[in-house]
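Asks: Numbering (the numbering used here), first residue to last: 1 to 977. Ideal Cβ positions, reconstructed from N, Cα and C, are used throughout, including at glycine.
1. Can you check DSSP and say which residues form a bridge with residue 692?
2. Below 8 Å on the Cβ atoms is my contact criterion, and I expect residue 631 with residue 683 to pass it. Report the Cβ-Cβ distance as a whole number of Å.
3. When you compare each of 513, 485 and 493 to residue 535 by their alpha carbons, which one comes out closest?
4. Just the C-alpha distance for residue 888 and residue 728, rounded to the nearest angstrom, thanks.
5. Verify whether the separation of the beta carbon atoms of residue 542 and residue 488 is less than 9 Å.
6. If distances are taken between C-alpha atoms only, which option among 109, 610 and 185 comes closest to residue 133?
7. Helix, strand or coil: which one does DSSP assign to residue 240?
8. Within its chain, find whatever has a CB closer than 7 Å to the CB of residue 932; leave out the 5 residues flanking it on each side and keep chain order.
9. Could you tell me how far apart the beta carbons of residue 205 and residue 46 are, in whole angstroms, since I believe they sit closer than 8 Å?
10. If you draw a straight line from the C-alpha of residue 211 to the C-alpha of residue 406, how long is it?
11. Which same chain residues, not among the five before or five after residue 715, have their C-beta less than 8 Å away from its C-beta?
12. Are residue 588 and residue 647 touching if we call contact CB-CB under 9 Å?
13. Tell me whether the beta-carbon of residue 23 lies closer than 9 Å to the beta-carbon of residue 280.
14. Taking Cβ positions, are residue 230 and residue 44 nearer each other than 9 Å?
15. Give me the residue from 381, 606 and 75 with the minimum Cα distance to residue 137.
16. Who are the near neighbours of residue 621 in its chain, counting only those whose CB is closer than 6 Å to its CB and skipping five residues on each side?
17. Our contact map puts residue 979 next to residue 269 with C-beta atoms below 8 Å; I'd like the distance itself, whole angstroms only.
18. When you compare each of 523, 855, 940 and 852 to residue 719 by their alpha carbons, which one comes out closest?
19. What's the C-alpha gap between residue 892 and residue 752?
20. Rounding to the nearest angstrom, what Cα-Cα distance links residue 847 and residue 923 in this structure?
21. Compare the Cα-Cα distances from residue 709 to each of 295, 738 and 837 and report the closest residue.
22. Tell me which same chain residues have a C-beta within less than 6 Å of the C-beta of residue 881, skipping the five on either side of it?
23. Which class does residue 509 belong to by DSSP, given the choice of helix, strand or coil?
24. Let me make sure I understand the geometry here. Which of 963, 323 and 213 has the alpha-carbon closest to that of residue 691?
25. Within a Cβ cutoff of 6 Å, which residues of the same chain sit near residue 510, ignoring the five residues on either side of it in sequence?
26. Mapping the DSSP letters down to three states, classify residue 1001 as helix, strand or coil.
27. Apart from the five residues on each side of it in sequence, which residues of its chain come closer than 8 Å, Cβ to Cβ, to residue 38?
28. Report yes if the C-beta distance between residue 831 and residue 842 is below 9 Å; otherwise report no.
29. Among residues of its own chain, excluding the 5 on either side of residue 670, which ones have a beta-carbon nearer than 8 Å to its beta-carbon?
30. Below 8 Å on the Cβ atoms is my contact criterion, and I expect residue 550 with residue 352 to pass it. Report the Cβ-Cβ distance as a whole number of Å.
31. Do residue 347 and residue 341 come within 9 Å of each other at the CB atom, strictly closer than that value?
32. Below 9 Å between beta carbons: does that hold for residue 365 and residue 388?
33. Does DSSP put residue 138 in a helix, a strand or coil?
34. So what does residue 888 bridge to, in DSSP terms?
35. Measuring only the C-alpha atoms, how far is residue 879 from residue 840?
36. Apply the 10 Å Cβ neighbour rule to residue 561 and answer buried if 16 or more other Cβ atoms are within range, or exposed otherwise.
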């Protein structure tokens with residue numbers, strides 16, 4: 001293929017060409033006239049499997065010929081004489097062993113790091129070990145670094161480096177993948193130095209950014225029939241190479257790695273020649289971008305070389321600039337363009353490191369049933385089996401609550417072994433029952449009790465299965481990793497199998513299930529190296545393992561719409577390339593913090609510098625922006641904060657704007673993008689529908705309620721619409737799955753405390769003391785409040801009010817004797833004139849020596865004022881009228897001596913009901929008048945008629961579409977048939 005030459009061979013393909021196609025055309029040129037078997041003698045080393053697939057697709061497209069050997073850069077074993085090295089050790093085994101060693105060190109030297117940092121430090125240490133072995137840096141070399149100004153941190157770090165060196169020294173039988181690859185390359189280079197292969201060997205597509213790969217590229221370039229083909233080589237940098245070579249400060253430049261490779265081969269970048277005759281889609285654009293990305297010390301070239309760029313119109317003709325208001329608007333615009341590309345058959349690729357943005361674009365494309373070919377796939381921990389395994393693992397870390405139970409019960413993999421439909425129906429019944437009756441922390445007895453209230457077939461057996469399977473899984477303390485994995489898999493499979501299933505259903509099926517099973521099987525195989533873990537540590541471990549895996553389905557996606565990571569984009573070609581998320585922190589990504597070595601120490605040790613990643617991202621940008629058609633997109637704001645454009649976008653804009661006519665050209669790019677943003681806004685725009693009016697529905701009189709409670713009278717006065725929704729529409733608000741310590745619960749428990757306390761004083765007057773009240777409060781709160789913080793807070797409030805409550809209780813019991821409490825104080829009054837029944841339940845009824853009644857109602861909030869009681873909060877006044885009418889069977893008709901609200905909150909006080917100003921006869925007359933008015937056909941139930949405070953939310957606000965209207969608007973009656 002090549003003429004004999006002792007000089008290394010480095011070739012390059014211009015920025016923006018379809019690299020795999022250019023490689024093939026270069027091979028065709030060099031093998032023209034050769035026998036057919038010459039193709040089969042060629043070996044091509046590629047750096048990604050996607051690159052290998054693309055080359056095979058190009059060969060398959062014809063003409064018919066023998067296929068070269070296409071191998072991965074890591075597939076070198078059978079090239080070594082005598083076979084390869086021992087197989088590489090498992091990365092998972094290494095991680096578990098490092099975690100174990102790290103946690104032992106932290107347990108022994110507690111000042112080094114918190115105990116919770118073991119996993120993070122072990123992962124970071126493993127990454128450093130990979131880098132050290134890949135770059136050929138020993139622990140001894142790091143130990144010799146000058147750290148005189150960082151002695152404290154260095155002393156701690158050295159102990160961890162000792163772990164790393166000990167581990168490295170002990171793994172000769174099963175080396176790490178990085179160490180094995182480097183040793184293989186070194187041996188192969190030595191072998192080729194004395195016995196080079198006679199057939200052509202080419203390394204294509206790699207930039208040589210890692211030390212081991214660069215060693216292989218050097219070895220191949222020196223072979224008699226070897227060559228290295230570089231992607232995206234900039235042939236428009238005449239004098240810049242010399243400056244970068246002299247200063248050695250261009251790590252963040254897109255072409256820096258090519259300079260280093262040439263130097264290692266005793267070459268100059270000027271010696272790199274084109275591999276094929278392919279030209280860039282837009283040479284003027286390449287020259288523009290090349291000048292924009294010059295290293296900072298030589299940006300003065302903008303003034304000298306910029307005026308020579310006279311074809312800016314041509315360079316930017318197919319460049320569109322999208323500056324969206326939000327990431328969602330950016331995603332919608334991108335999706336619209338990809339949809340247009342799919343309709344015309346244009347090969348289009350979205351390139352961005354922002355995985356959240358790619359998921360938003362994928363979701364937007366779903367409305368047109370377009371599934372892009374995503375090179376990254378779906379992270380395994382976000383797939384259905386991954387989520388399922390994570391939810392199951394979380395059962396070990398905390399007591400089971402209703403939310404966690406229903407999350408698993410509703411998962412699509414639960415109970416797939418058999419009777420999935422029945423399981424779903426029973427789950428719906430259980431959720432409604434939990435919301436209605438409450439079961440914040442399910443246990444076997446509680447589940448059986450709720451099941452007994454339902455009539456569905458099989459629910460009791462199903463509830464028993466729930467109790468046996470889901471309950472009592474919380475584990476405190478540490479367990480061996482082997483035990484954790486065994487329990488986890490057994491529980492996961494039991495949940496997936498279901499009550500009557502015979503297999504695990506869909507848990508381990510399809511690609512995601514198979515991948516999840518392989519990950520968990522690998523964990524089980526190496527669990528013996530993991531030591532003892534807590535439930536939280538085990539959950540974090542499983543989550544981390546699943547995050548490292550991805551699931552792809554190459555059969556389903558659209559053939560011409562792709563989403564590429566930056567690595568795949570380096571060696572792929574597309575007619576339309578969309579560079580998205582061009583904000584600083586995304587392009588380029590912010591360097592990850594290094595807990596071990598700062599930049600100077602890395603430089604001195606010979607490790608990779610943080611600027612390396614910036615340079616790779618810059619090369620990705622330079623390569624992608626040279627496509628035939630390009631979109632540059634970014635969001636101006638993200639998470640309510642203004643974003644900063646990518647440094648390369650800023651450089652490009654500053655250069656273009658500074659050239660003659662450049663401002664108009666940049667505005668034209670932005671104008672092209674604005675039209676797509678306008679289309680996106682139109683796509684998302686809701687139809688212009690009139691806003692809802694303030695409702696006042698008028699249902700038929702026959703549908704209106706004839707039975708109300710005393711407390712609902714206040715609702716009828718303040719928010720009649722709530723009565724309509726509850727009694728006419730028969731809608732009930734669903735309670736939360738997991739009850740929170742809210743005001744309603746506090747009120748219920750406060751009533752319970754007062755009732756117990758007063759009953760205790762009736763049994764023994766000596767109990768009328770503060771310590772008795774507080775003892776009752778502590779008992780009730782301990783029994784019914786599972787939240788320690790709320791329990792302590794509510795008890796403190798009782799303590800503040802306790803002395804006042806006891807003192808006033810002595811006065812109350814001197815006036816009358818407590819006779820009826822909430823359970824017995826039930827009254828029912830029928831109003832014959834309007835055929836309506838009124839029901840009430842008093843908190844407490846006392847009877848004095850003359851047989852007269854005193855009513856009490858406990859309030860944990862502020863008791864209503866006298867005016868409020870007269871017009872809105874008529875509860876005590878109505879109950880007094882009911883007592884005088886004989887509505888309470890346990891009392892019979894009795895005169896009412898008084899009624900009082902007892903405020904037992906933080907600021908306790910008592911407020912008497914205005915019985916003298918509002919006598920029972922007057923109250924009943926006004927009540928009948930109020931109720932009768934709502935039995936007229938044209939009387940509407942107005943929403944939020946007279947709320948105490950407008951900001952108060954109501955159960956039926958969404959139904960009434962509150963927010964489209966406000967209380968300043970007049971209600972609109974609507975007669976319903």
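Replies: Considering the structure as presented:
1. The count along the chain shown starts at 1 and reaches residue 692 at position 692. Answer is none; residue 692 lacks a bridge partner.
2. Residue 631 sits at position 631 when you count from the first residue of the chain shown. Residue 683 sits at position 683 when you count from the first residue of the chain shown. In this structure residue 631 is not in contact with residue 683, their Cβ atoms being roughly 17 Å apart against a cut-off of 8 Å.
3. The count along the chain shown starts at 1 and reaches residue 535 at position 535. For residue 535, the nearest C-alpha among the options comes from 485.
4. Stepping through the chain shown from its first residue, residue 888 is reached at position 888. Stepping through the chain shown from its first residue, residue 728 is reached at position 728. Straight-line Cα distance between these residues: approximately 27 Å.
5. Numbered from its first residue, the chain shown carries residue 542 at position 542. Numbered from its first residue, the chain shown carries residue 488 at position 488. For the 9 Å CB-CB criterion, residue 542 and residue 488 form a contact.
6. One-based indexing of the chain shown puts residue 133 at position 133. Relative to residue 133, the option among 109, 610 and 185 whose CA is nearest is 185.
7. As a first step, residue 240 must be located in the chain shown, where it is residue number 240. Annotated three-state conformation of residue 240 is helix, per DSSP.
8. If you number the chain shown from 1, residue 932 lands on position 932. Contacts found: 834.
9. Residue numbering aside, residue 205 sits at position 205 when the chain shown is read from its first letter. Residue numbering aside, residue 46 sits at position 46 when the chain shown is read from its first letter. Yes, residue 205 and residue 46 are in contact; Cβ-Cβ is about 5 Å, under 8 Å.
10. Here residue 211 is taken as the residue at index 211 of the chain shown, counted from 1. Here residue 406 is taken as the residue at index 406 of the chain shown, counted from 1. Distance between the alpha carbons of residue 211 and residue 406 is about 51 Å.
11. Counting from one through the chain shown, the residue named residue 715 turns up at place 715. Within the same chain, 722 and 723 come within 8 Å of residue 715 by CB-CB distance, once the 5 residues on both sides are set aside.
12. As a first step, residue 588 is located in the chain shown; it is residue number 588 there, counting from the start. As a first step, residue 647 is located in the chain shown; it is residue number 647 there, counting from the start. The Cβ-Cβ distance between residue 588 and residue 647 falls below 9 Å.
13. Within the chain shown, the letter at position 23 stands for residue 23. Within the chain shown, the letter at position 280 stands for residue 280. No, the pair does not count as a contact, with Cβ atoms beyond the cut-off.
14. Position 230 of the chain shown, counted from the start, is the residue given in the question as residue 230. Position 44 of the chain shown, counted from the start, is the residue given in the question as residue 44. It is not a contact, given that the beta carbons lie outside the stated cut-off.
15. Counting from 1 along the chain shown, the entry for residue 137 is found at position 137. Taking each of 381, 606 and 75 in turn and checking the Cα distance to residue 137, the smallest one comes out for 606.
16. Sequence index remark: in the chain shown, residue 621 carries index 621 (1-based). Same-chain partners within the cutoff: 648.
17. Residue 979 falls outside the range modelled here, since the chain spans only 1 to 977, and no answer is possible.
18. For the purposes of this step, residue 719 is taken as residue 719 along the chain shown, with counting starting at 1. It is 940 whose Cα lies nearest to the Cα of residue 719.
19. In the chain shown, the residue the question calls residue 892 occupies position 892. In the chain shown, the residue the question calls residue 752 occupies position 752. Taking the straight line joining both Cα atoms gives about 25 Å.
20. Here residue 847 is taken as the residue at index 847 of the chain shown, counted from 1. Here residue 923 is taken as the residue at index 923 of the chain shown, counted from 1. Each residue's CA atom was taken as its position, placing residue 847 and residue 923 some 22 Å apart.
21. The sequence position of residue 709 within the chain shown is 709, counting from 1. A check of alpha carbon separations from residue 709 across 295, 738 and 837 identifies 837 as the nearest.
22. One-based indexing of the chain shown puts residue 881 at position 881. The answer, listed in chain order, is 920, 923 and 924.
23. Here residue 509 is taken as the residue at index 509 of the chain shown, counted from 1. Of the three classes helix, strand and coil, the one that applies to residue 509 here is coil, per DSSP.
24. Residue 691 sits at position 691 when you count from the first residue of the chain shown. Checked all of 963, 323 and 213; the closest Cα to residue 691 is 963.
25. Position 510 of the chain shown, counted from the start, is the residue given in the question as residue 510. Excluding residues within five positions, none has a Cβ falling inside 6 Å.
26. Outside the displayed span of the chain (1 to 977) sits residue 1001, for which this structure offers no information.
27. In the chain shown, the residue the question calls residue 38 occupies position 38. Excluding five sequence positions before and after residue 38, the CB atoms of its chain that fall closer than 8 Å to its own CB belong to 1 and 31, given in chain order.
28. Taking the chain shown and counting its residues from 1, one reaches residue 831 at position 831. Taking the chain shown and counting its residues from 1, one reaches residue 842 at position 842. Their beta carbons are not under 9 Å apart, which means residue 831 does not touch residue 842 by this criterion.
29. Taking the first residue of the chain shown as 1, we reach residue 670 at position 670. Only 321 and 323 meet the Cβ criterion.
30. Within the chain shown, numbered from 1, the residue matching residue 550 stands at position 550. Within the chain shown, numbered from 1, the residue matching residue 352 stands at position 352. Contact flag wrong, Cβ pair sits at about 17 Å.
31. In the chain shown, residue 341 corresponds to position 341, counting from 1. In the chain shown, residue 347 corresponds to position 347, counting from 1. Contact flag set, yes.
32. For this step, residue 365 is matched to residue 365 along the chain shown. For this step, residue 388 is matched to residue 388 along the chain shown. Cβ distance not < 9 Å, so residue 365 and residue 388 don't count as in contact.
33. Indexing the chain shown from 1 puts residue 138 at position 138. Here residue 138 carries a coil assignment [DSSP, helix/strand/coil].
34. In the chain shown, counting from the first residue as 1, residue 888 sits at position 888. BP columns for residue 888 point to 827.
35. Residue numbering aside, residue 879 sits at position 879 when the chain shown is read from its first letter. Residue numbering aside, residue 840 sits at position 840 when the chain shown is read from its first letter. Approximately 7 Å between the Cα atoms of the pair.
36. In the chain shown, residue 561 corresponds to position 561, counting from 1. Residue 561 is buried by the Cβ-count criterion.
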